[in-house]
Amino acid sequence: MAKDVIIACDFSGREEVLSFLDKFEGKKPFVKIGMELFYAEGPQIVRDIKARGHKIFLDLKLHDIPNTVKKSMSVLSSLDIDMCNVHAAGTSAMMQAALEGLTRSDGTRPLLIAVTQLTSTSEERMQSELLIGKSLEETVLHYAENTKLSGLDGIVCSPLEAEKVKERCGKDFLTITPGVRFADAKADDQVRITTPAKARELGSDYIVVGRPITAAADPVEAYERCLKEFLG
Ligand code: C5P
0 MAKDVIIACD FSGREEVLSF LDKFEGKKPF VKIGMELFYA EGPQIVRDIK ARGHKIFLDL
60 KLHDIPNTVK KSMSVLSSLD IDMCNVHAAG TSAMMQAALE GLTRSDGTRP LLIAVTQLTS
120 TSEERMQSEL LIGKSLEETV LHYAENTKLS GLDGIVCSPL EAEKVKERCG KDFLTITPGV
180 RFADAKADDQ VRITTPAKAR ELGSDYIVVG RPITAAADPV EAYERCLKEF LG
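Have a look at this one:
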């Protein structure tokens with residue numbers, strides 16, 4: 000299974016992201032494009048980055064009725080992205096519709112993963128506002144199982160949850176994990192963090208790394224360090 004480092008390109012506009020990627024010269028890191036950049040620049044930014052030879056995780060976290068998600072996924076799939084996502088809270092009907100929409104006429108499709116509970120949601124708020132009575136961990140694992148049963152490829156989770164997710168859903172079920180920091184760096188606003196090496200030990204398949212690379216004095220060096228620590 001391909002393990003890789005995905006750079007979270009959380010930039011607000013086209014010039015910023017392209018000049019950031021220019022620094023990598025011949026290298027073509029796997030990149031994540033989120034809502035901010037996509038809403039600012041539209042689908043053309045995805046085509047342009049793809050044309051430069053990068054793999055793309057389009058992180059738009061779809062959550063709507065199955066028919067709307069199916070049709071939207073079909074549009075995203077035509078952008079030739081490599082990975083995209085939905086909220087597992089949309090239920091299995093929505094996740095299955097997403098898969099159908101994503102599958103191209105030749106049978107190929109990007110990887111499809113699900114967000115279980117956002118890491119910004121505390122157990123207390125989940126219970127008091129969403130009226131989910133179980134623990135946060137049990138809820139994440141249950142949503143992971145629903146995701147797997149719906150035929151998706153994996154989930155976004157903390158590296159600290161990756162082992163349990165693999166135990167519940169099998170070793171081939173992908174874990175895509177943000178919240179990664181170098182041992183000698185600051186945490187920013189992330190709370191449950193691990194180093195790239197620890198994420199590897201815990202069984203993450205892809206680590207998503209933003210500021211430790213994008214805000215580094217030498218982003219290419221930081222990326223290489225991340226790859227080295229994560230891939231071992
Ligand atoms: O800069 P940093 O490494 O914290 O960036 C992490 C990236 O992963 C950001 O794009 C953030 O939105 C995303 N993410 C996250 N936690 C989640 C889901 C996505 O940090 N649970």
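Residue numbers (numbering that gives the first Met the number 0): 0 to 231. For glycine and all other residues, C-beta sits at the position ideal for the given N, C-alpha and C.
Return the CA-CA distance between K31 and S127, expressed in angstroms with no decimal places.
32 Å
Quick check: the stretch 207-219 against the stretch 4-18, are at least 3 beta-carbon pairs closer than 8 Å?
yes
Spatially closest choice to L117 from A196, Q43 and N84, by CA coordinates:
N84
Do you know offhand how far A182's Cα is from A161's?
19 Å
The ligand C5P and T193: does any heavy atom of the ligand fall closer than 8 Å to the residue's C-beta?
no
According to DSSP, simplified to helix, strand and coil, what is P112?
According to the sequence shown, residue 112 is Ile rather than Pro. Here I112 sits in strand by DSSP.
Exposed or buried, D171, counting other C-beta atoms within 10 Å across all chains shown (16 or more means buried)?
exposed
Curious, which full-length alpha helix (DSSP H) runs of at least 4 residues does the stretch 146-226 contain?
158-168, 195-200 and 210-213
Tell me whether S119, by its Cβ, gets closer than 8 Å to a heavy atom of the ligand C5P.
yes
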